Amino acid sequence: MIEVSNLTVRFGGVVSLDGVDLRFEQGVCGLIGPNGAGKTTFFNVLSGFVTPSAGGVHAFGEDLLAMASFRRARWGLRRTFQTEQAIEELSVFENVAMVHEHSKLPSASRRREVLESISFVGLAADPSAKVGSLGARDRRLVEVARTVVGKPRLVLLDEPAAGLPDDETEHLSSVIRQIPEHTGALVILVDHDMGLVSHVCGVTAVLDFGKQIALGPTAEVLRDKRVIDAYLGTEEVA
Amino acid sequence: MGIGEGGHGGQAPGAGQVAGVEEARDAGQALRPSSEGAARGPVFAISRVRPETWVRVAAVTAVLAFALFAVPVILSLYYVDAMTQVAIYSIVALGLGVLVGRVGLYSLGQAAVLALGAWTAARLLFATSLPFPVVLLAAGAITMVLGTVIGLPALRLSGLYLALITLMLAGAITVVLSTVNFPNGGHGFLGYNGNLIHIPPIRRPSLAGSDAAYYRYAVVVAALMFLLVLWHVRTRPGRAWAAIRQSEPAALAAGINTTRYKLWAWALASFVTGVAGGLLAGSAHFLYSIDFPIQNSITLLAVVLVAGAFSLWGAIVAGLLLQLLPALFQNWGVSSDWITILFGVGVLQVLTTAPRGLADQVPKDLRRLGRLLSGATRRAAPSRTGTT
Amino acid sequence: MPSWQDFQPFLVVGLALGGVYALSGVGMIVLYRATGVLNLAFGAIGAMGALIAWQLINGGINEWLAYVVCVAFSAVLTLVYGVVFGPPLAARDPLVKAAATLGLALILLGAMDLLWTSNGGAVRSLTLATDSSTFTVSQIQINWTQVIALALGVVITVVTGAWLRYTKLGTAMRAVANDRQITATLGVPVRRVEAAAWLGCGVLSGLAGLLLADLVALDATTLTWLVISSLAAAVIARLRSIAVTLVAGIVIGVVESMLVPINSLTNYADMTPFVLAGVALLVVMFRRREITVSRGA
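This is the structure:
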């Protein structure tokens, strides 16, 4: 369960997030909005890369903002980025094991848990293969594997399907759907692919110009006039 | 002429674009199976050694043996001296390589750190009768502590600012050194007596007094430093550094305390450079602040970039470029200014085309050449049934 | 402790030096903001220009013409570097771009040492024509070179500031500095704007080279690495504000020079730029709260 209250972020004169309130209970939750709405800024606040000017974030009863950014991973925060971030010169195993290692989880079960995560995401590549030798789809799966290893509590996925063809998006969506059940974590998914979002997310929140303009069951939200207007952009011509 | 002294680590022919996988020197260390379809062995524990590794180990051992035993016999004393400096500067390049090549931190002041190490060692050698190896360790440790103290606040700065602050620090250290001078057997904290007429030379280890013996001593110390760095690179810090170099936010998101690991790299680089400084003190007999101008720090960075900051072999190439090349040129009567120009051109070339430097580019080029040649020979022999 | 009388000539020298540090700092910052390149070869380029001027004057050429040649040479060399090495490195980290300029600095240093060897003990000096005109202000003797140095520092800062704000090219440069890609889509000739920045930086390095050769020494190594003092001023200004660069440059110059007559501190005077820049950076560090997220993340 994650609760965000009055989250505000200002960069110079620009207000990226403007008093955002939202609450996700469980499962896979969507976060959508037009470009520049503040979705990535929101993730950056959760990750600890951006300090909000106001507001708070509480997840699973703990104040997330009080933790240093790298400690949040230990706590159970996991995240993927829009650009590829799997480490090319290390192997698949090492990439996933790194998260496990730095989360201070016991090393006895490490090997088993890492291999489990790798098979959970359906990655068929040799775990000792260097990520640099893999294709885009497999690299993306490595990143997802990194989010489910160990004991994740909050998984942030930033446009995981970007650039993937339809059949691979299918596979990815079925993996994502199973994450809450498999790990007990809450997943927040940011994406522009509405098909993916409606397929995978039970509830969805919508940001526009840094404000939360809708929050509810995905199907309803996607039909909401305000949301449609936000994407199409209504201009009042005086 | 020997191609160098202790130091090993090699370039694995990776899957094309990723170079610089070092193989362990002996089976006692954790090994990483290569990407070429090796069995799924556990990575974090000891696994079986591949034949390629044995070849590599043999090659490195051969080079080391040659450096230790053949070089002092083959070369004249002038060149043996130069090779001692090669060993010393290889260590410095090794440290800088860890910072630049592994973590992505540029230091424009490593020559000043070297000077600090040399100063500390000289002071200890005059003031105490500690055995030489202990002095080396002490010089390394003190330099490491100083480096860490500076690194702690400095590492929070972004890349360019960090480089600039190292430049500022190097400048400050250079000025202080020219005022304070190197110890020359005098008393007091600074150990410098401007009025001394007969300055005692800095002492050397008891079993390595002669130049040839000191050369071997330096080679052994260098080999140990390379081992130390290799051990770091192959284990947790090395992996964390790879993550940080790829993307600091992603590393943080994976739970890596980036400040701690950057500091660790900084401490390691300072330590080995301090030890190199100690070796330098012993090799030089007399040290003068004029021998450590700020330009040396710049040249050091330039050469490390050209030779290859990422691979351990690159550090050896850097040492050769920094110390053997000038010795050769001096012997041949060619101005060493040409070397400065060469380094400048090298930097421009490397940064615009081959970001990982000579040590990465040359093996790649050789491999490409090899493939070209084997392709040509295959085409030139049409009598083969072409099913190979 | 020396008397105020004893300090006065050092104050004058300090102000002059500070003016040059300031104008160098401004040159470097404008180029950095427009192209992302911190030109660490700034000093070397000016040094070579100064040596060429010296060579010409020694050969009998009119000194004012020689000064023009120096500035022109520096401008052209900087521009050529920018045009040749700017594009291939444009997408790289500022650190890499700065390191590349170090390559240029080394090439120039080697060339200067080859062409104007420093052995033989002959010390070269460059005395600008303006050195000989002096005047006295309440018993302190000042020569016109020193006045020009300080004046140029101030004037260049003010003019550059106004130019950036009010002229079309200046505004374009600010836009490019802010975001190169967006500015390009607005139809601004980015390449031309960058060329202007390179050229301007080159002109300033030629001027700085001449002045420093006169005020300090005509020595390739000294002049090349004096860039670090100007860099200190730019660093104090966070590589951003040219007004702060002006103040910082002058403060560095003055403090540095005023320490010289104090016997116990003479030897440490040279440390001034480093210490001041270091302190400024420490202040920056303690203010920072955000980590730069990589692009696209």
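Protein chains in written order, with my numbering: chain A, 270 to 507; chain B, 17 to 404; chain C, 2 to 298. Note that the Cβ used here is the ideal one computed from N, Cα and C, for glycine as well. Source: prediction; values computed, not measured.
If you ignore the 5 residues before and after B:Trp-280, its C-beta comes within less than 7 Å of the C-beta of Pro-253, all in its own chain and listed in chain order. Closer than 8 Å to the CB of A:His-461 there is not a single CB belonging to chain B. Think of a sphere of 8 Å around the beta carbon of B:Val-363: the chain C residues whose beta carbon falls inside it are Ala-100, Ala-101, Leu-103, Gly-104, Leu-107, in chain order. Chain-order list of chain B residues neighbouring A:Leu-359: Arg-255, Ala-258, by C-beta distance under 7 Å. C:Glu-257 sits close to C:Gly-15, with the two beta carbons spaced by under 8 Å.
Looking at the backbone, the Cα of C:Thr-222 and that of B:Asn-211 are separated by about 30 Å.
Per DSSP, A:Lys-480 lies in no alpha helix (DSSP H); the unbroken beta strand (DSSP E) holding it starts and ends at 480 to 486.
Per DSSP, C:Asn-40 is not a residue of any alpha helix (DSSP H), being assigned neither H nor E. For A:Glu-358, the three-state secondary structure derived from DSSP is coil.
Annotation for A:Leu-359: Met-367, Lys-399, Val-400 place their beta carbon closer than 8 Å to its own, counting only its chain and skipping 5 residues before and after. In this structure, the alpha-carbon of B:Val-191 lies about 10 Å from that of B:Ile-310. Taking 4 residues as the shortest admissible run, the segment 287 to 349 of chain A contains the following complete alpha helix (DSSP H) segments, listed from N- to C-terminal end: 308 to 316, 338 to 344. One Cα belongs to C:Phe-43, the other to C:Met-29, and the distance between them is close to 8 Å.
For C:Ala-218, the nearest beta carbon of chain B is not closer than 8 Å to its own beta carbon.
Inside the segment 161 to 225 of chain B, DSSP marks whole alpha helix (DSSP H) runs of 4 or more residues at positions 175 to 196, from first to last along the chain.
The beta carbon of A:Glu-331 is closer than 8 Å to those of Trp-344 in its chain, skipping five residues each way along the sequence.
At a Cβ-Cβ threshold of 8 Å, A:Thr-310 and A:Ser-338 do not count as neighbours.
Within the segment 119 to 150 of chain B, the residues whose Cβ lies closer than 7 Å to some Cβ of chain C are Tyr-122, listed in chain order. Legend: CB atoms of the segment 322 to 353 of chain A lying less than 7 Å from CB atoms of chain B belong to residues Ser-338, Phe-339, Ala-342, Arg-343, Arg-348, Phe-350. The beta-carbon distance between A:Val-444 and A:Gly-404, rounded to whole angstroms, is 17 Å. This is too long to meet the 8 Å contact definition.
If you look at B:Gln-365, you'll find it in the alpha helix (DSSP H) that goes 353 to 368. Per DSSP, C:Phe-86 is one residue of the alpha helix (DSSP H) stretching across 64 to 90. Look at the segment 336 to 360 of chain B: the residues with a C-beta under 9 Å from a C-beta of chain C are Ser-351, Ser-352, Asp-353, Trp-354, Ile-355, Thr-356, Ile-357, Leu-358, Phe-359, Gly-360.
For C:Trp-117, the closest of C:Leu-32, C:Tyr-269, C:Asn-59 by C-alpha to C-alpha distance is C:Asn-59. For A:Arg-415, the neighbours in chain B by C-beta distance under 8 Å run, in chain order, Ala-270. What B:Pro-169 touches in chain A, judged by beta-carbon distance under 7 Å, is nothing: the nearest beta carbon there is about 17 Å away.
Among the residues of chain A, those whose CB is under 7 Å from the CB of B:Asn-273 are Phe-339, following chain order. In this structure, C:Leu-32 sits near C:Trp-199, with a CB-CB distance shorter than 8 Å. Our two residues, C:Leu-103 and B:Thr-315, have alpha carbons roughly 9 Å apart in a direct line.
Cβ contact annotation for B:Ser-313 (same chain, cutoff 7 Å, sequence separation greater than five): Leu-124, Gly-125, Gln-126, Ala-127, Ala-128, Ala-186, in chain order. Closest option to B:His-301, judged by alpha-carbon separation, among B:Ala-266, B:Ala-134, B:Val-288: B:Ala-134. Along the segment 240 to 251 of chain B, there is no position whose C-beta sits under 7 Å from a C-beta of chain A. Cβ proximity to chain B below 8 Å picks out Asn-268, Tyr-269, Asp-271, Met-272, Pro-274, Phe-275, Val-276, Ala-278, Gly-279 from the segment 256 to 280 of chain C.
The beta-bridge partner set that DSSP reports for A:Ile-457 consists of A:Cys-298, A:Leu-425. Pairing B:Gly-207 with B:Phe-142 gives a Cβ-Cβ distance under 8 Å. Secondary-structure assignment with DSSP links B:Phe-142 through no beta bridge to anything.
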